[in-house]
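Here the sequence shown is numbered in the numbering used here, starting from 6 and rising by one per residue. For glycine and all other residues, C-beta sits at the position ideal for the given N, C-alpha and C. Computed from a predicted structure; not experimentally measured. Below is one structure, written out as structure tokens, with a few remarks after it.
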Amino acid sequence: MNSRIFRPIAALVLLSVAVAGAQAQRATKEIRKEFPTTSSTVLVIDNQFGKLTVEPWDQNKVIIEVKIEAKASDQVKADKLLDRINVDINSSGSRIMAKTRLENKVVTRDDGKDESRSFTIDYLVKAPKGIAAELSNQFGDVSLGLLTGPIDLSIQFGSLNALGLLGPETSIEMQFVSKATIGEITEADIEMQYSSPVKITKAGTLNLEAQFSTLEIGTVEVLDIESTSSKVVIENLLHSLICEGSMGSLDIRSVDAGFRSIEAEQNMGEISIRVDPKAGYRLDATSNMGSISLPEGFKADPTEKSGGMEIPGVSPKRTTGTFGDGSSTINLESHMGSIRIR
């Protein structure tokens with residue numbers, strides 16, 4: 006072969022080898038276990054650094070499939086990393102349990118700096134839709150089908166997508182969740198911190214605590230919420246609301262004509278409510294260092310002069326009165342924020 010031709014070909018081969026050597030090498034392991042279930046079975050999953058998917062079905066058994074993948078700059082390091090990741094799956098009494106266990110060396114990177122080093126632990130769980138479940142996932146996404154049993158869910162540093170949580174007892178704790186979408190939820194206690202946006206399409210009764218989050222609810226029957234530095238938007242409130250907020254906002258875009266009561270106190274934030282014009286309610290609204298805007302047709306009670314000096318924009322403003330038949334109640338208080346009822 007002509008040496009002038011050979012040299013570029015040889016250089017190309019050497020370059021290809023170098024690129025291949027720089028690519029991460031992969032090691033994988035798969036685990037599958039199956040367990041029978043009864044009406045008293047409790048499913049317990051505790052995972053980290055991967056996805057957790059729960060698919061409901063009508064069979065009286067649970068199947069847990071786990072795929073572990075480790076990557077490193079060479080095959081020896083990838084295999085070593087994989088060996089340090091374990092998943093314990095077993096059953097005891099009425100409990101079916103799966104837990105991810107990582108050796109300390111996985112986190113501390115004692116084998117030196119390796120830019121190609123990474124790993125994932127993904128769970129696929131098939132379970133009866135009515136099973137009671139305790140689910141925990143860190144640093145990964147959670148996907149849940151339509152579940153009708155009691156659910157206790159904890160998720161940190163990931164996203165949540167739940168088709169429906171229709172059980173009588175649902176508890177959700179979210180921290181640093183990039184996005185959460187819940188189709189329908191019957192009754193739940195939810196705590197969220199640094200999570201945005203959290204979207205719930207339809208809800209029955211909710212008890213919520215929100216910190217530094219954004220919450221959007223489509224339709225809710227009963228809501229009790231405590232919020233800090235959070236934006237709360239409700240498209241349709243059917244029955245009642247209790248809200249205590251600080252440094253945030255409350256926006257109720259539609260209140261059903263048959264609602265019972267609304268009680269809201271907002272510190273350093275705005276309250277905005279649009280009530281069905283067919284509704285009747287008794288209003289007591291107070292705004293400190295803010296304005297109060299009322300709908301046309303509202304009948305304010307006669308006001309009495311306090312006798313003290315009033316400072317525009319600073320002195321508290323209080324309005325009481327009736328709209329329609331006054332059968333429901335709205336009590337609002339805003340500190341350093343306005344109140345708007347439409």
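Check: LYS85 by DSSP, collapsed to three states: which one?; Outcome: helix
Check: Going by the CB atoms, is the gap between LYS34 and LEU86 shorter than 8 Å?; Outcome: no
Check: Of all the CB atoms in chain D, is at least one closer than 8 Å to the CB of ARG31?; Outcome: As a matter of chain content, chain D is missing from the structure shown, which is built from one protein chain.
Check: Where does ILE346 land, buried or exposed, given buried means 16+ other C-beta within 10 angstroms?; Outcome: buried
Check: Is it right to say ALA137 is buried, meaning 16 or more other beta carbons lie within 10 angstroms of its own, or is it exposed?; Outcome: buried
Check: Helix, strand or coil: which one does DSSP assign to SER333?; Outcome: strand
Check: Looking only at its own chain, which residues have a Cβ that is under 6 Å from the Cβ of ILE267, when we skip the five neighbours before and after it?; Outcome: LEU246, ILE335
Check: Relative to the C-alpha of THR308, which candidate in PRO300, ARG323, GLU301 has its C-alpha closest?; Outcome: ARG323
Check: Could you tell me if PRO61 is buried or exposed, where buried requires 16 or more neighbouring beta carbons within 10 angstroms of its beta carbon?; Outcome: buried
Check: Reducing DSSP to helix, strand and coil, say where GLN80 ends up.; Outcome: helix
Check: Which residues in the same chain as THR191 place their Cβ atom closer than 6 Å to its Cβ, once the five residues preceding and following it in sequence are excluded?; Outcome: LEU171, GLY209
Check: Take the Cβ of LEU337 as the centre, count every other Cβ of all protein chains shown within 10 Å, and call the residue buried at 16 or more, exposed below.; Outcome: buried
Check: Flag this pair as yes or no: are the beta carbons of PHE328 and GLY274 separated by less than 8 Å?; Outcome: no
Check: When you compare each of ARG258, ASP330, ILE156 to VAL355 by their alpha carbons, which one comes out closest?; Outcome: The structure shown has nothing for residue 355, since the chain only spans 6 to 347.
Check: Quick check on ASN109: does DSSP put it in helix, strand or coil?; Outcome: helix
Check: Could you please give the first and the last residue of the uninterrupted beta strand (DSSP E) stretch that includes THR210?; Outcome: 203 to 216
Check: Taking the alpha carbon of LYS348 as the point to measure from, which residue in CYS248, LEU129, VAL237 has its own alpha carbon closest?; Outcome: Residue 348 lies beyond the stretch modelled for the chain, which goes from 6 to 347, so this question has no answer here.
Check: Of all the alpha helix (DSSP H) runs that stay within the bounds of the stretch 93 to 170, which reach a length of 4 or more residues?; Outcome: 109 to 113
Check: Go ahead and pull the three-state DSSP assignment for PRO41.; Outcome: strand
Check: To which residues does DSSP link LEU288 through a beta bridge?; Outcome: GLY326, ILE335
Check: Could you check if GLN271 is buried or exposed, using at least 16 other CB atoms within 10 Å of its CB as the buried criterion?; Outcome: buried
Check: Please give me, in chain order, every unbroken run of the beta strand (DSSP E) with length at least 3 that falls completely inside the stretch 235 to 268.; Outcome: 236 to 251, 254 to 260
Check: Report the three-state DSSP secondary structure of MET294 (helix, strand or coil).; Outcome: coil
Check: Report yes if the C-beta distance between SER254 and GLY295 is below 8 Å; otherwise report no.; Outcome: no
Check: In three-state terms, what does DSSP make of GLN64?; Outcome: coil
Check: Give the C-beta separation of GLU70 and ARG31 to the nearest angstrom, bearing in mind that I take them to be a contact with Cβ-Cβ under 8 Å.; Outcome: 19 Å between Cβ atoms; not a contact.
Check: Pick out whichever of GLU139, LEU151, ILE257, ALA132 has its Cα sitting closest to the Cα of PRO41.; Outcome: ALA132
Check: Under three-state DSSP, which class holds GLU301?; Outcome: coil
Check: Does ASP79 pass the burial test, meaning 16 or more other C-beta atoms within 10 Å, or should it be called exposed?; Outcome: exposed
Check: DSSP three-state call for MET197: helix, strand or coil?; Outcome: strand
Check: For ASP229, tell me which candidate among SER201, ASP306, GLY250, SER277 has the shortest Cα-Cα distance.; Outcome: GLY250
Check: For ALA215, tell me which candidate among THR224, GLY223, VAL237, SER333 has the shortest Cα-Cα distance.; Outcome: VAL237
Check: Could you give the first and the last residue of the continuous beta strand (DSSP E) run that contains ASP229?; Outcome: 219 to 233
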